[in-house]
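Just below is one structure, and these are the notes that go with it.
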Amino acid sequence: MTTRANATPGFAPSRQEAHLVLYTVILCTLPHFFNISVPAILLCLVLWAYHFAAHRWSLPRAGLMTRTLLGVLLFAAAIVTNEGLTLEAFVSLLTMMIALKLFEQRHQRDEMTVVILCYFLIVSGMFFDDSILSTAYILGCILFTTAVLIHIQFPALALTPALALSWRLTSRAFPLMLLLFLVFPRIQGGLWGRPALLESNTGFADEISFGAVARLAVRGDAAFRVTFENGFRPTKNQLYWRGIVLWDCQGETWKQGGQMRPAERDMDMGAQEERRGYTVTLEPHNQRWLFALDLPVRVTSQGSRLHDDFAIHRSRPVTSRLSYQGESILDLQPVYQPTEDDRPGLQLPRGGNPRARELASRLRRTAATDAEFVEKLFDFYRENRFTYSMTPAVAPSGTDAIDWFLFNSRSGFCEHFAASFAFLLRAAGVPARLVNGYFGGEENPFGGYWLIRQSDAHVWVEVRNGDFWQRIDPTLAVAPERGLENARVATGAEGRDSLFSQFKQSAVGQWTASLFNAWDMANSRWNQWVMEYSFADQFRLFASLGIDLEKFKGLFQLLLIAVAVLGATVFFFLALAFMRKMPREGDQVARTWRVFREKLEQAGVIAHDYQGPADLLKAVTAARPDLRGRAEVIIDFYIAIRYREQATAEMLAAFRQAVRQFRPGRPGRHNRMTGVGN
Amino acid sequence: MMTDRMGTSQGIGLKNRSFARFAVPAFGVRLLLTGHGVVYVVLLAALLVGSINHNNNLGYLLTFLLSAILLVSIIFTLRNINGFTCQGHGEAAVFAGQALPFSLSLQAKDGPCYGLALSLDGKSWVRVERVDALSVASQVLMPVNRRGRIEMRRIFAASAFPLGLLRATREISVILTGLVYPKPFPTHAGSEKIQGEREENDKLPLHTAGHDFDGLRHYRPGDPPRRIHWKSLAAQRGLFAKVFEEDEGGGAIFSLADMPGEIFEDKLGELCYLMLRADGNGARYGLRLGGQLIAPGRGLSHKSLCLRALALYQSS
């Protein structure tokens, strides 16, 4: 048996417990190393190392002053290294504060604070990654953190049984969690603006300059996934995913430019049967546009609309995964809209790139039509041995980037080809614009959907041909293989003859490919069913239960909250009712006796808990002689019930009756009376 | 003993009242968030707001998981706090002004219970790390200032098991009895003399070896150190005590009526002081309390008899 006196304020934690807490902190911080800045990581590591060393070799502990100073410094470091008040800054601040708090562990309660903050830290991982793997890791961390929380407070429960208990707690919490998850009302659009994640800012931007797409294309992560309706399977070269349209040419940099105007209400183009429906699940990219298969005619997503250049804009940036339905007609050309008259697609910067301008006007003079001119441009790219590369040489500063690309380096990525091509077109007086999006995608045989990765990022040109805009892709003229493979493979970044590509051909390679597909499908399903569970799904869920939320409209959210709260309460009381052992506490005699004593106390009879009934009678006699007679009856009853062998139910009832009817007056009145009497 | 009767008297009111059986536990246990519990709940609220704002389903999932863990832990907390029985036993005795150590035995009903804190007054707590099916003994202290018999009928048990976020407090009916002796109060008062005793009744003729010295006998626990025959101990013959002739007769009787002072309780304290001094010297002594007389004697049982009489004496 272990008895510790005066345990309430906590006791100094042992070294083993301190290490456990450190491990918890490390486990919960590790996933954030992908999110926070390098200096923040280094600071964290230094603090941990010192903490560990301090335990091992009993180095001096940081005092209050040092800790405060360090805290301020770390706060500044977190803000500065993570570019202001971002989520990353918040997380790195949290990690560093926890690392600092580790030094202040004189009491058990300090350790508890650290462990509880660890919950917060690990759960905030939700903002960065919600894949299955990351969710599993977070759940594991919660399990471990709970076990540590139990173990440091109740060392009599060793870590292994604490883990078992933690598992029992967590597994029993699961049904309740599911219930809350399903019924808790989803508020569309959030409460206020969401702080953007730095990480996603590296995605698609609303401008293109040399090297921008190439930087994006090295990333293999998913951009979006698409499921086509009615088993439609597009061919590879149909997979042009339209993003934004760039009008504003500033040399090698192209921007969106101009105002954005919505398209005419429901562009009624093409036959109904030519429309292909699909669902896109877009990973957050923090931009205000969506992607759709060229050429989109309708997109169903709240706050989004189709513009006159067939780009789909959204009122708010996509900060969390988003699903929407689209309808497209393949091989249809964008119609020239009369609203575009003030934006003829001919704007160029005043000067710069003289050789390119000269080339454009020379070629245009030799061509009879615009179409022939475009052919001549294609020939120019083909004949001059342009090469497709993900890491082309960068133009020396001060030179005109397009001239340098066209006449010197002749090696570039899709944005080089597209931007220079469009520049040449405009220089010759042919209206042209750039479209930024993705090209390609990989079909997942298990899930029946197409996965479009960041490495499929692409830029192409649209040239105006009478009443239509015609898509031309100069990249394909130079690197036809880009039509078959994604950029990483096509540019040879993964080298056709490289070990990796050989590996992909082998049996093991095939096997890993299908493994990857299966894993991606699991993630996709996870996203679809769990991570994108939305208001609409709730609506359907309740409809299947026979509750039509439409009827309640405004009230329904309140209703859902009520249901959630009620569910939790009912669960709680059911749990209480089904507890195996019912405690039999506080017998009625004792409770009645206590009522009697409380009444006496109000009447001015000071009685202590430890005084027996006989003492009490004396106290009554001393303080309130007027009550003596009535009190004596009750006290006699009590003595009889308590200390005689048999107490009958009648006696008990009489005792309770007597106490109930015992109504002593206020002490003041009585005192005055005795005052007179004396 | 009263403790024995406890068994029969307890639960009388609960017979044939199944409703009471349910209602009592629900309200007999008080649940309160601890400081860390408050931190935890604030944290949950922050996570919920974050999840709503980002419309992040993983956030919802984890926030609800943590909330559910807190709710489910209530079951474990209640099971833990209700999962043991507590019984007082023996009778503790101290002098007034000291802390009375009540002995308790705790026994788990089902599985072990962890991290229990016990208290009589709800202020100072004694922690018991683990209670098993085999009974575990513990002590709770209660400072007492008043002479007499003390009976505690309830004890508080609290535990924040398992997470330390919620603290359950329960009142347990126990019967703890204790005896508080009067606080010794130094005095110079004398005693009644009996049977031609010496003048200095409380001084023993330890150093006047001669006619009174009767021989040696084996040491008995309780013999005053001054009577130990050190020579035989030094000669490694064992522990012996010196026996004096008058040991078996005579002795002083301290009388309440002889005590100086006005206050009744102080007089008892003086009596207690004299008695203890005589006991410390190994002298024979007796007490006269009103009409009650305790004949002179010595030894542990005699001492406790006298102290008990002092503790319980009431002037009529």
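Top line first, the protein sequences correspond to chains A and B.
Here the working numbering = 1-based position in the first sequence + 417.
Here the working numbering = 1-based position in the second sequence + 70.
Glycine residues also receive a C-beta, built at the ideal position from the N, C-alpha and C atoms.
Bear in mind that the values here come from a model prediction, so they are computed numbers and not experimental data.
Notebook entry, point to check: Going by other Cβ atoms of all chains shown within 10 Å of its Cβ, with 16 needed for buried, is A:Ser583 buried or exposed?
Noted result: If you number the first sequence from 1, residue 583 of chain A lands on position 166. Counting Cβ neighbours within 10 Å, A:Ser583 comes out buried, since at least 16 surround it.
Check: Using the beta-carbon count (16 or more within 10 Å), is A:Ile1023 buried or exposed?
Finding: Reading the first sequence from its first residue, position 606 is the one you call residue 1023 of chain A. It is exposed - the Cβ of A:Ile1023 has fewer than 16 other Cβ atoms within 10 Å.
Margin query: Could you compute how far the alpha carbon of A:Asp638 sits from the alpha carbon of A:Glu700?
Written below: Taking the first residue of the first sequence as 1, we reach residue 638 of chain A at position 221. Taking the first residue of the first sequence as 1, we reach residue 700 of chain A at position 283. Rounded to the nearest angstrom, the two C-alpha atoms are 10 angstroms apart.
Next item on the list: Specify the secondary structure class of A:Val811 as computed by DSSP and reduced to three states.
Entry: Translated into the one-based positions of the first sequence, residue 811 of chain A becomes position 394. In this structure, A:Val811 counts as coil in the three-state DSSP scheme.
Next item on the list: Verify whether the separation of the beta carbon atoms of A:Leu534 and A:Leu517 is less than 8 angstroms.
Entry: Counting from one through the first sequence, the residue named residue 534 of chain A turns up at place 117. Counting from one through the first sequence, the residue named residue 517 of chain A turns up at place 100. Contact flag unset, no.
Item checked: Proximity below 8 angstroms, CB of B:Gly218 to CB of B:Ala115 -> Translated into positions along the second sequence, residue 218 of chain B becomes position 148. Translated into positions along the second sequence, residue 115 of chain B becomes position 45. Taking 8 angstroms as the Cβ cut-off, B:Gly218 and B:Ala115 do not qualify as a contacting pair.
Notebook entry, point to check: Name the chain A residues whose beta carbon is nearer than 9 angstroms to that of B:Leu113?
Noted result: Here the question's residue 113 of chain B lines up with position 43 in the second sequence. Chain A residues near B:Leu113: Ile533, Leu534, Tyr536, Phe537 and Val540.
Item checked: Residue closest to A:Ile549, alpha-carbon to alpha-carbon, out of B:Glu340, B:Asn127, B:Leu101 and B:Ala304 -> On the first sequence, residue 549 of chain A is found 132 positions in, with the first residue counted as 1. Comparing Cα-Cα distances from A:Ile549 to each of B:Glu340, B:Asn127, B:Leu101 and B:Ala304, the minimum goes to B:Asn127.
Notebook entry, point to check: So B:Asn125 and A:Arg1014 are in contact, right, with Cβ under 8 angstroms, and what is the actual spacing, rounded?
Noted result: For the purposes of this step, residue 125 of chain B is taken as the residue at position 55 of the second sequence. For the purposes of this step, residue 1014 of chain A is taken as the residue at position 597 of the first sequence. The pair is not a contact, with the Cβ atoms about 58 angstroms apart (cut-off 8 angstroms).
Check: In its own chain, which residues sit with a C-beta less than 8 angstroms from the C-beta of A:Tyr1027, not counting the 5 before and 5 after it?
Finding: If you number the first sequence from 1, residue 1027 of chain A lands on position 610. Nothing meets the Cβ criterion.
Margin query: I'd like to check one pair, A:Phe803 with A:Ser828: are the Cβ atoms closer than 8 angstroms?
Written below: In the first sequence, the residue the question calls residue 828 of chain A occupies position 411. In the first sequence, the residue the question calls residue 803 of chain A occupies position 386. Yes, the Cβ-Cβ distance between A:Ser828 and A:Phe803 is below 8 angstroms.
Next item on the list: Starting from B:Phe134, follow the alpha helix (DSSP H) in both directions and report where the run begins and ends.
Entry: Counted from its first residue, the second sequence places residue 134 of chain B at position 64. Residues Asn127 to Asn152.
Notebook entry, point to check: Taking the alpha helix (DSSP H) that A:Met948 falls in, what are its first and last residues?
Noted result: On the first sequence, position 531 is the one that residue 948 of chain A refers to. Premise fails: A:Met948 is in no alpha helix (DSSP H) and is neither H nor E.
Next item on the list: Just confirm the distance between the C-beta atoms of B:Pro252 and B:Cys342, as a whole number of angstroms; I'd bet it's less than 8 angstroms.
Entry: The residue labelled residue 252 of chain B in the question sits at position 182 within the second sequence. The residue labelled residue 342 of chain B in the question sits at position 272 within the second sequence. That pair is a contact at about 5 angstroms.
Check: Got a sec: is the Cβ-Cβ distance from A:Arg731 to anything in chain B below 8 angstroms?
Finding: The residue labelled residue 731 of chain A in the question sits at position 314 within the first sequence. Not an interface residue.
Note to self: Run through chain A and tell me which residues come within less than 7 angstroms of B:Glu221, C-beta to C-beta.
What the structure shows: Taking the first residue of the second sequence as position 1, residue 221 of chain B is located at position 151. Those within 7 angstroms of B:Glu221 in chain A are Tyr1027 and Gly1029.
Item checked: 3 or more residues per run - each beta strand (DSSP E) lying fully within the segment 999–1035 of chain A -> none
Check: How is B:Arg91 classed by DSSP in three states: helix, strand or coil?
Finding: Here residue 91 of chain B corresponds to residue number 21 of the second sequence, with the count starting at 1. Its pLDDT being 32, under 50, B:Arg91 is placed unreliably in this model, and the value from its coordinates should be taken loosely. Three-state result, B:Arg91: helix.
Checklist line | Among A:His436, A:Gly864, A:Arg678 and A:Arg850, the one whose alpha carbon lies nearest that of A:Trp664 | finding: Within the first sequence, residue 664 of chain A is the residue found at index 247, counting from 1. Considering only alpha carbons, the answer is A:Arg850.
Note to self: Does any residue of chain B have a CB that is nearer than 8 angstroms to the CB of A:Gln570?
What the structure shows: Here residue 570 of chain A refers to the residue found at position 153 when the first sequence is read from its first residue. A:Gln570 counts as touching chain B.
Next item on the list: Along the beta strand (DSSP E) that carries A:His472, what are the first and last residues, could you check?
Entry: Along the first sequence, read from residue 1 onward, the residue named residue 472 of chain A stands at position 55. Premise fails: A:His472 lies in the alpha helix (DSSP H), Val455 to Trp474, not in any beta strand (DSSP E).
Item checked: Amino acids of chain A, ordered along the chain, whose beta-carbon sits closer than 9 angstroms to that of B:Phe334 -> Taking the first residue of the second sequence as position 1, residue 334 of chain B is located at position 264. What B:Phe334 touches in chain A: nothing, since even the nearest Cβ is about 14 angstroms away.
Next item on the list: Could you check what DSSP says for A:Arg738 in three-state terms: helix, strand or coil?
Entry: Sequence index remark: in the first sequence, residue 738 of chain A carries index 321 (1-based). Residue state, collapsed to three classes: coil.
Next item on the list: Kindly indicate which three-state DSSP category A:Ile569 falls into: helix, strand or coil?
Entry: As a first step, residue 569 of chain A is located in the first sequence; it is residue number 152 there, counting from the start. Looking at A:Ile569 - three-state DSSP - the assignment turns out to be helix.
Notebook entry, point to check: Among all the DSSP beta bridges, which residues are the ones paired with B:Met222?
Noted result: Taking the second sequence and counting its residues from 1, one reaches residue 222 of chain B at position 152. In the DSSP output, where bridge partners are listed per residue, B:Met222 has B:Leu246.
Checklist line | Continuous alpha helix (DSSP H) assignments of at least 4 residues falling wholly in the segment 97–128 of chain B | finding: 105–124
Margin query: Quick check on DSSP: helix, strand or coil for A:Pro448?
Written below: As a first step, residue 448 of chain A must be located in the first sequence, where it is residue number 31. The answer is helix: DSSP assigns A:Pro448 an H, G or I state.
Note to self: Tell me the rounded alpha-carbon separation between A:Ala634 and A:Val895.
What the structure shows: In the first sequence, residue 634 of chain A corresponds to position 217, counting from 1. In the first sequence, residue 895 of chain A corresponds to position 478, counting from 1. Each residue's Cα considered, the two are about 18 angstroms apart.
Notebook entry, point to check: Taking the DSSP output, what are the residues bridged to A:Ser778?
Noted result: If you number the first sequence from 1, residue 778 of chain A lands on position 361. BP columns for A:Ser778 are empty, so no partner.
Note to self: Restricting to Cα atoms, I'd like to know which of B:Gly185, B:Val119 and B:Leu204 is closest to B:Phe146.
What the structure shows: For this step, residue 146 of chain B is matched to residue 76 along the second sequence. Comparing Cα-Cα distances from B:Phe146 to each of B:Gly185, B:Val119 and B:Leu204, the minimum goes to B:Gly185.
Check: Just checking, does the segment 187–198 of chain B make contact with the segment 356–365 of chain B on the three C-beta pairs under 8 angstroms criterion?
Finding: no
Next item on the list: Would you mind giving the Cβ-Cβ distance between B:Ile408 and B:Thr247, rounded to the nearest angstrom? I have them listed as a contact below 8 angstroms.
Entry: For chain B, the structure presents residues 71 to 386; residue 408 of chain B sits outside this window and is missing.
Margin query: Against chain A, with Cβ distances strictly below 8 angstroms, would B:Leu338 count as a contact?
Written below: Counted from its first residue, the second sequence places residue 338 of chain B at position 268. Chain A, which has no Cβ nearer than 8 angstroms to the Cβ of B:Leu338, makes this no.
Next item on the list: Note down, in chain order, each residue of its chain lying with its Cβ closer than 7 angstroms to the Cβ of B:Lys373, except the 5 sequence neighbours on either side.
Entry: In the second sequence, residue 373 of chain B corresponds to position 303, counting from 1. Excluding residues within five positions, the ones whose Cβ falls inside 7 angstroms are Asp349.
Note to self: So with CB distances below 9 angstroms, who are the chain B contacts of A:Val389?
What the structure shows: Nothing in the structure corresponds to residue 389 of chain A, since chain A is present only between 418 and 1095.
Next item on the list: Evaluate A:His1025 with the Cβ neighbour count: other Cβ atoms within 10 Å of its Cβ, from every protein chain shown; 16 or more gives buried, anything less gives exposed.
Entry: The count along the first sequence starts at 1 and reaches residue 1025 of chain A at position 608. Label assigned to A:His1025: exposed.
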